[in-house]
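These notes concern the structure reproduced below.
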Amino acid sequence: MNEIKNKNRLIKMMSDLYLLEKQAKELYDDFLITLKDDKARKIISQIRNDEIKHMKMAKALLNLVK
Amino acid sequence: MAIKPTGSNKRLSQKTKASAQGRQVDLAVTGSAALKKLTELEIRYRVALENSKQLLYDLNLKTGRIVWSGNISSVTGYSPAEFIDCDLARWEKLIHPDDRKLAAKLLAKAIKTRTKYHIEYRFRRKNGQYAFIEDAGVLVDKQRMVGTMNDVSQLKEKINQLERVNDLMVGRELKMVELKEKIRALTGKAKAASKAKRRSWSDKFKEAVAMEEDVIWQLNDTYRRAVEESTISFFKKRQAKALLSQLTKESVSHRRKINSLINYERNKKQKSAD
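Heads up: the sequence lines are chains P and Y, in that order. So this note's numbering is basically just the index in the first sequence, starting at one, shifted up by 344. So this note's numbering is basically just the index in the second sequence, starting at one, shifted up by 5.
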């Protein structure tokens, strides 16, 4: 019983992680709409691309625990 | 004074005769003057009626026959010859179907209670169009009602125009209130947008740092639970650990990069201030 509970909790955590990565990606998307500084744009753009990768990783983690 | 019997009676009778004849002549003269006066009055009255937009009616309640006078053609569109035979039944037929019942009802009531008849109704003219009529009648005896039918179409039209103008004005005022509300809402939105715009990039980056910290916190917690979780196989645990480590490493790196951006913005601001 406890095992199932724990597993479900872990699945929930992985889902939350995926959502957080998605939110982070959207936040950097917003930044890129109005940010003018080239240096800042470059860094934010890299981070944003990483977030897309992170979303995939979070999805993979979710599949692993399922 | 005593009257002498001789010759005086004859004189007296002659005098009386002459006086009586004089009175008759006076009466005749007075009668003809009154008639002349009456005729003049009637002419004036007829001219006044014919130049107004009024009809005068004299209704025989027993037979339903109506004697019409006044400006028949102007009010009804019919010539006097065409309208002269219009009786109570035809008059009722010429009233607009929606007003007919009330007109007849009020007429019956006025006759029954011997009160004045007063109503407004639409009356069909010869061309088929309806004129607004104000009808006011009075019972002069048990069998007769005399009254006027007054064409108030122009007055009605003016009232309608005024009402339309009033409606337009009210509509305009409502529109103005609506527009003011829209402008107020837009101003509010613009203020909020400008407030958001005023937020410096340092503040915005701080938001990103907070986001990354949330991710890192979540990763740490997930990592601990994944390691502890007995339902996950050894192989999957290793994979999960690797993925979570990489995620954590990169999120920490993100946090560092954004913190450096905060410093960069701060320096830029400092330089522009100097």
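Every residue gets a Cβ at the ideal spot worked out from N, C-alpha and C, and that includes glycine.
Any C-beta of chain P under 8 angstroms from that of residue i
i: residue 278 (chain Y); result: no
i: residue 230 (chain Y); result: yes
i: residue 184 (chain Y); result: no
i: residue 275 (chain Y); result: no
i: residue 208 (chain Y); result: no
i: residue 197 (chain Y); result: no
Nearest residue (CA-CA) to residue i, options the options
i: residue 160 (chain Y); options: Y:125, Y:117, Y:45, Y:114; result: Y:125
i: residue 94 (chain Y); options: Y:112, Y:228, Y:238; result: Y:112
i: residue 247 (chain Y); options: Y:228, Y:260, Y:279, Y:63; result: Y:228
i: residue 64 (chain Y); options: Y:53, Y:206, Y:147, Y:104; result: Y:147
i: residue 155 (chain Y); options: Y:75, Y:250, Y:266; result: Y:75
i: residue 399 (chain P); options: P:386, P:368, P:382, P:376; result: P:368
i: residue 216 (chain Y); options: Y:242, Y:188, Y:181, Y:256; result: Y:256
i: residue 54 (chain Y); options: Y:153, Y:274, Y:273; result: Y:153
i: residue 353 (chain P); options: Y:91, Y:141, Y:103, Y:230; result: Y:230
i: residue 80 (chain Y); options: Y:38, Y:89, Y:90, Y:57; result: Y:57
i: residue 259 (chain Y); options: Y:214, Y:238, Y:87, Y:243; result: Y:214
i: residue 384 (chain P); options: Y:276, Y:269, Y:135; result: Y:269
i: residue 263 (chain Y); options: P:378, P:358, P:404, P:387; result: P:387
i: residue 89 (chain Y); options: Y:107, Y:103, Y:70, Y:186; result: Y:70
i: residue 78 (chain Y); options: Y:174, Y:60, Y:275, Y:192; result: Y:60
Sub-8 angstroms separation of residue i and residue j beta-carbons
i: residue 406 (chain P); j: residue 224 (chain Y); result: no
i: residue 245 (chain Y); j: residue 408 (chain P); result: yes
i: residue 208 (chain Y); j: residue 364 (chain P); result: no
i: residue 392 (chain P); j: residue 373 (chain P); result: yes
i: residue 66 (chain Y); j: residue 116 (chain Y); result: yes
i: residue 131 (chain Y); j: residue 62 (chain Y); result: no
i: residue 135 (chain Y); j: residue 128 (chain Y); result: yes
Per DSSP, the bridge partner or partners of residue i
i: residue 65 (chain Y); result: Y:149
i: residue 170 (chain Y); result: In DSSP, residue 170 (chain Y) forms no bridge with anything.
i: residue 75 (chain Y); result: Y:60
i: residue 156 (chain Y); result: Y:138
i: residue 125 (chain Y); result: Y:139
i: residue 144 (chain Y); result: Y:150
i: residue 100 (chain Y); result: Y:128
Sequence-distant residues of the same chain with beta carbon closer than 7 angstroms to residue i, five excluded per side
i: residue 222 (chain Y); result: none
i: residue 119 (chain Y); result: 144
i: residue 105 (chain Y); result: 97
i: residue 252 (chain Y); result: 224
Own chain residues within Cβ distance below 8 angstroms of residue i, not counting five before or after
i: residue 355 (chain P); result: 406, 409, 410
i: residue 376 (chain P); result: 385, 388, 389, 392
Chain Y within 8 angstroms of residue i, Cβ atoms only
i: residue 357 (chain P); result: yes
i: residue 391 (chain P); result: yes
i: residue 385 (chain P); result: no
i: residue 351 (chain P); result: yes
i: residue 406 (chain P); result: no
i: residue 401 (chain P); result: yes
i: residue 373 (chain P); result: no
6 angstroms Cβ shell around residue i - same chain, five flanking residues per side excluded
i: residue 402 (chain P); result: 361, 362, 365
i: residue 157 (chain Y); result: 137, 139
i: residue 267 (chain Y); result: 207, 210
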